[in-house]
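Residues 4 to 70 (the numbering used here) are what the sequence shown spells out, left to right.
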Amino acid sequence: MGIGGILLAFGVTVLLIAIFTRTGEWRPQLPQMLSVATLVLVVGGAMFVAGFLLDRVGRRSNDRAPA
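Printed below as a string of structure tokens:
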């Protein structure tokens, strides 16, 4: 899972906090919180996919190595 999964989880957490917040002054902070959450989700998703693909490539190169 690595750092990509951690960033994905953090982004989801920030999104949930932004959506379900009940404080009186949440409206001015909402666009900033949503933009940070979106950025973290995109970066986390990209890193998660990159880690998955690199793991698959690494497994294939180990299979081809002579014993």
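Virtual Cβ for every residue (Gly too), placed ideally from N, Cα, C.
Keep in mind the model is a prediction, meaning the values are calculated, not measured.
So residue i packs on residue j, CB below 8 Å; how close in whole Å?
i, j, result
"A21", "A40", "6 Å"
Is the beta carbon of residue i less than 8 Å from the beta carbon of residue j?
i, j, result
"L44", "G14", "yes"
"L10", "V46", "yes"
Given residue i, which residues of its chain have a CB within under 8 Å of its CB, disregarding the five upstream and five downstream residues?
i, result
"G5", "M50, F51, G54"
By the 10 Å Cβ neighbour count, where 16 or more other Cβ atoms means buried, how is residue i classified, buried or exposed?
i, result
"G61", "exposed"
Cα-Cα, which of the options is closest to residue i?
i, options, result
"T16", "R30, P31, L42", "L42"
So, for residue i: in the same chain, excluding its five sequence neighbours on each side, which residues have a beta-carbon less than 6 Å away from its beta-carbon?
i, result
"Q32", "none"
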